[in-house]
Amino acid sequence: MATSQIETVSTGADKAKLAAAVLLLLGGFVAFYLLAQQASYVRWLALLVALAAAVGVFFTSEAGKELIAYGRDSVREVKKVVWPARKEAMQMTAYVFAFVFVMSLFLWFADKTLEWVLYDLVLGWR
Numbered sequence: 001m002a003t004s005q006i007e008t009v010s011t012g013a014d015k016a017k018l019a020a021a022v023l024l025l026l027g028g029f030v031a032f033y034l035l036a037q038q039a040s041y042v043r044w045l046a047l048l049v050a051l052a053a054a055v056g057v058f059f060t061s062e063a064g065k066e067l068i069a070y071g072r073d074s075v076r077e078v079k080k081v082v083w084p085a086r087k088e089a090m091q092m093t094a095y096v097f098a099f100v101f102v103m104s105l106f107l108w109f110a111d112k113t114l115e116w117v118l119y120d121l122v123l124g125w126r
């Protein structure tokens with residue numbers, strides 16, 4: 001079994017990019033509330049522009065690049081999955097429903113049996 005070593009090297013520029021992304025995001029929220037006297041679309045536009053800028057700055061950082069690589073790897077792995085045909089999926093769903101129904105009947109019967117044994121025979125409450 002192969003284990004991969006993960007080294008996290010965080011440079012000053014990378015930390016600055018992440019800080020800038022957070023500041024842009026906070027600036028967008030501040031602008032949204034400071035522009036309360038403006039039209040609604042102006043407030044939302046300011047928020048969305050700041051959000052887009054924060055996302056853009058984040059994706060230029062090392063963490064953002066790793067997130068993009070993770071997404072690409074995930075898509076590549078999903079393409080390798082062999083999905084069941086509709087008929088097989090419907091059969092397996094029917095099996096699950098049948099099992100749940102039978103199990104619920106069994107648990108109901110076990111509950112009622114224990115209730116009868118405990119309350120009627122042992123305690124004599126009924």
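Under full-length UniProt numbering, the first residue of the sequence shown is numbered 1, with each subsequent residue one higher. Built from N, CA and C at the ideal position, the CB exists for glycine as well.
query: Which two residues bound the contiguous alpha helix (DSSP H) that contains Trp83?
result: In the DSSP assignment, Trp83 falls outside any alpha helix (DSSP H), carrying neither H nor E.
Residue closest to Ala52, alpha-carbon to alpha-carbon, out of Ala110, Val96, Ala20, Ser74: If we check each option's Cα against that of Ala52, Ala20 comes out closest.
- request: Taking only the alpha-carbon atoms, compute the straight-line gap between residue 136 and Val82 and give it to the nearest angstrom.
  value: No answer is possible for residue 136: it lies beyond the span of the chain, which begins at 1 and ends at 126.
message: Distance check for Lys80 and Glu88, CA to CA, integer angstroms please.
response: The straight-line gap from Cα to Cα measures roughly 19 Å.
- request: Would you kindly work out how many angstroms separate the C-alpha atoms of Met103 and Ala94, rounded to a whole number?
  value: The straight-line gap from Cα to Cα measures roughly 14 Å.
query: Helix, strand or coil: how does DSSP classify Trp125 here?
result: Three-state DSSP puts Trp125 in coil, outside helix and strand.
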